[in-house]
Amino acid sequence: MIILPDSWKKHWGDSDWFEKIFALQGEEFRNMDGRRTLRFELLGKSYFVKMYQGLGWWRIVKSLMTLRKPPVMSAHNEWLAIRILTELGIETMTEVAYGERGRNPARRQSFLVTEDLHNTVSLEDFCRDWKDSPPDLQFKRQLISRLGHMAGVMHAHGINHRDYYLCHFLLEQGSGTPRTPDDFHVYLIDLHRVQFRASVPQRWLIKDLASLHFSAMDIGLTRRDY
Numbered sequence: 469m470i471i472l473p474d475s476w477k478k479h480w481g482d483s484d485w486f487e488k489i490f491a492l493q494g495e496e497f498r499n500m501d502g503r504r505t506l507r508f509e510l511l512g513k514s515y516f517v518k519m520y521q522g523l524g525w526w527r528i529v530k531s532l533m534t535l536r537k538p539p540v541m542s543a544h545n546e547w548l549a550i551r552i553l554t555e556l557g558i559e560t561m562t563e564v565a566y567g568e569r570g571r572n573p574a575r576r577q578s579f580l581v582t583e584d585l586h587n588t589v590s591l592e593d594f595c596r597d598w599k600d601s602p603p604d605l606q607f608k609r610q611l612i613s614r615l616g617h618m619a620g621v622m623h624a625h626g627i628n629h630r631d632y633y634l635c636h637f638l639l640e641q642g643s644g645t646p647r648t649p650d651d652f653h654v655y656l657i658d659l660h661r662v663q664f665r666a667s668v669p670q671r672w673l674i675k676d677l678a679s680l681h682f683s684a685m686d687i688g689l690t691r692r693d694y
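Throughout, this note's numbering is defined as the position within the sequence shown, counted from one, plus 468.
This is the structure:
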């Protein structure tokens, strides 16, 4: 299975499109556990790509023997999460291309390309100086409400993130002034470990909320902010 924009198909012609994706070069952010993440440019636009290579049976068996889950081995979970969260009205990455080939889980290859979220900053960076330089109170409350709403919608639909930290939210730059809740954008990223169930077990619901609380412990929040 492979999904590509028509412009890319035309640009690459009859070449092996998988090989074209895996040969992409750019600014590398991660290259370990069979997963490579980088930002690249193609036809005048910038994107992010996650490429997955098979881990091999030894790594999979070793994880099972130590009662640990193996690392995420496919782009499929994140691809599915983007589609579901988008349907639920949660702002996240925009899918551009996706592909997967091979039946053997130890050798399967897959990739996911998403649009580069320009002009954004992680909430970890955005909130770092709040303790000494608090933002507008109205905006702070709007932002807290937005994150709570996103968690509530996910959990109500049986979805938990597993890495629900401030660093995995991207805020549209220029949103640090008082605005209505509909006038700024917060994108939830890094969805490769998202879990889907009929309902979220309490353990995983608490873990999501505890992760968010932990990552916000030192940004100067008070009871007045809620």
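Note that the Cβ used here is the ideal one computed from N, Cα and C, for glycine as well.
Taking 9 Å as the cut-off, the Cβ atoms of Asp597 and Asp631 do not count as close. Within its own chain, the residues whose Cβ lies closer than 6 Å to the Cβ of Gly688, once the five positions on either side in sequence are excluded, are Trp598 and Lys599, listed in chain order. For Ala619 against Asp686, the beta-carbon gap comes to about 20 Å, at or over 8 Å, which does not count as contact.
Considering only Glu563, Glu487, Trp480 and Arg498, the residue with the shortest C-alpha distance to Leu511 is Trp480. When the alpha-carbon of Arg571 is set against those of Met469, Gln606 and Arg661, the nearest one is in Met469. Residue environment: Gly616 is assigned as exposed (fewer than 16 neighbouring CB atoms within 10 Å of its CB, all protein chains considered). Between Val517 and Leu639, the alpha-carbon positions lie close to 20 Å from each other. His660 places its beta carbon less than 9 Å from that of Glu546. Residue pairing by DSSP places Tyr694 opposite no residue, since no beta bridge is assigned to it. Counting other Cβ atoms within 10 Å of its Cβ, Ile471 stays below 16 and is therefore classed as exposed. Counting C-beta atoms within 10 angstroms of its own C-beta, Asn587 has fewer than 16 neighbours from the protein chains shown and is therefore classed as exposed.
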